[in-house]
Amino acid sequence: MKIESIRLKNFKTFRDVYLQNIPAFLVVIGANGTGKSTLFDVFGFLSDCLKGNVRQALDKRGRFREVVSRDSAADSILLEIQYRMPIAGADRLVTYSLEIAERADGPYVKREILRYKRGRYGSPFHFLDFAGGKGYAINNEEDFNKTDEELEREVQTLNSPDILAVKGLGQFGRFKAANAFRQLIESWHVSDFHISAARGRKEASGNSEHLSESGDNLPLVARYLFEQHRAVFDKLLVTMARRVPGIRTVQPLLMADGYLTLQFQDGSFKTPFLDRYVSDGTIKMFAYLALLYDPVPHPLLCVEEPENQLYPRLMSELAEEFREYALRGGQVLVSTHSPDFLNATRLEEVCWLVKTEGGTQIKRAADDAQLAAYMAEGDQMGYLWKQGFFTGADPL
718 MKIESIRLKN
728 FKTFRDVYLQ
738 NIPAFLVVIG
748 ANGTGKSTLF
758 DVFGFLSDCL
768 KGNVRQALDK
778 RGRFREVVSR
788 DSAADSILLE
798 IQYRMPIAGA
808 DRLVTYSLEI
818 AERADGPYVK
828 REILRYKRGR
838 YGSPFHFLDF
848 AGGKGYAINN
858 EEDFNKTDEE
868 LEREVQTLNS
878 PDILAVKGLG
888 QFGRFKAANA
898 FRQLIESWHV
908 SDFHISAARG
918 RKEASGNSEH
928 LSESGDNLPL
938 VARYLFEQHR
948 AVFDKLLVTM
958 ARRVPGIRTV
968 QPLLMADGYL
978 TLQFQDGSFK
988 TPFLDRYVSD
998 GTIKMFAYLA
1008 LLYDPVPHPL
1018 LCVEEPENQL
1028 YPRLMSELAE
1038 EFREYALRGG
1048 QVLVSTHSPD
1058 FLNATRLEEV
1068 CWLVKTEGGT
1078 QIKRAADDAQ
1088 LAAYMAEGDQ
1098 MGYLWKQGFF
1108 TGADPL
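Reading the sequence shown from the start, the letters are residues 718 to 1113 in the working numbering.
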């Protein structure tokens, strides 16, 4: 499944934006405070709504009035995502629309819709349609021999008006689109990596197949790759040794007390040392490689400012690995302040954020004739950015 567009209305600094034709690998730049983190938080917000409910997701961000655009007369927030997924033998464009409002007893789902076209012509059909905790879902949506009127609507009332319908109904296979979208959200990875969380001893049990958002299970993931995907782990080590001078190998070590940690071997020393004695950049590079070499890519991977703690010359290789990850099936969104990282990107892979009169707009590099002309002549994105050709996103 690939996200093709995002529409936001009254979500923090995004009063009314529509980002279309999102590529498999998208790099976002912009001055501080323009909304790069907010754009990525759209996915974190939906994930939090699914894990708990809308109220809890809003409370985490300061409640409804802190999330709705400031100085806005609007009384609701709209998030809309369009994505492609295979349904009944064809790739179909599915739209998920979520509108959230607030009343005296708290926030609630004003409208939640999941729709797509059943045929080549006509308007998209609503396969899930809820408002205020009540609505219906179609339970035989893949029966394309039936007319719209013959489809079976299953009426449901949710336990609370601040619960997403895709959370409850998405558990059941008979609601195909809702089930698929729930799985999509659950599989997103919105990185919130903390080097301090990745270091040190860890419980030897827990999630080991994918790196967690904070990176706190890094030793478990390393052991999983070492034991279950040795070829991938060996490839990771070759890359690690090439990028971090002196590092010859990294090994997940089960200690005598039953805890797991990482042990690094520097070619200059006979005795290996534990991860708490290596640099922040070394830990971060190993974590990124564990994430990017994942044998089963996340359908969506969001990473903010991967350049922090890393040597600038490594940025072009890292950008290429993000692109390769996307080609393996995982769509990638990256924000950056690094011209070196940006130099490794293509025209269609870049957009930038501009804040005017308190609201943010999204501009695509591919839509800028001047940028397109310079890139066609062999210029690089990072140099053009430093020279001020991204109006409103000048890093200087």
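Even glycine gets a Cβ: it sits at the ideal position worked out from N, Cα and C.
For V938, there is no enclosing beta strand (DSSP E); the residue is found in the alpha helix (DSSP H) stretching over 935 to 945.
Under DSSP, G1076 takes part in a beta bridge, and its partners are T1073. For L1088, the uninterrupted alpha helix (DSSP H) segment begins and ends at 1086 to 1093. When G747, F731, G769, N738 are compared, the shortest CA-CA separation from D758 is found for F731.
Looking from the CA of S922, the closest CA among N934, D822, I902 belongs to N934.
Rounded to the nearest angstrom, the gap between the Cα atoms of Q888 and E903 is 12 Å.
By the C-beta density criterion, M1098 is buried, having at least 16 other C-beta atoms within 10 angstroms. Contact between the region 838 to 849 and the region 733 to 742 is absent: fewer than 3 CB-CB pairs across the two stretches fall below 8 Å. Between L1064 and A1083, the C-beta gap is smaller than 8 Å, which places the two residues in contact. Note on geometry: alpha-carbon atoms of K834 and K1001 lie some 44 Å from one another. Pairing H1015 with W1102 gives a Cβ-Cβ distance that is not under 8 Å.
Using a Cβ-Cβ distance cut-off of 8 Å, the region 1070 to 1080 and the region 1030 to 1050 are not in contact, since fewer than three pairs of beta carbons, one from each stretch, lie closer than that value. Bridge partners of P1016 according to DSSP: none are assigned. The C-beta separation of L743 from V734 comes to about 14 Å, leaving the pair out of contact by the 8 Å criterion. Under the DSSP assignment, N727 falls in the beta strand (DSSP E) whose first and last residues are 719 to 728.
Within the model, the alpha-carbon separation for S786 versus I804 is close to 36 Å. Between the C-alpha atoms of R918 and G932 there is a straight-line separation of about 13 Å. If you keep only unbroken alpha helix (DSSP H) runs of at least 4 residues inside the region 850 to 924, you get 882 to 886, 893 to 904, 912 to 915. Following the DSSP letters along the chain, one finds S764 inside the alpha helix (DSSP H) bounded by residues 753 to 768. Sequence-distant Cβ neighbours of A1061 in its own chain, meaning closer than 7 Å and more than five residues away, are M1032, S1033, A1036, E1037. Sorting P1012, G750, F1003 by C-alpha distance to the C-alpha of P1023 places F1003 at the top. Rounded to whole angstroms, L875 and R832 show a C-alpha spacing of 20 Å. With fewer than 16 neighbouring CB atoms inside 10 Å of its own CB, R820 falls in the exposed class.
R916 is positioned such that its CB atom lies closer than 8 Å to that of R993.
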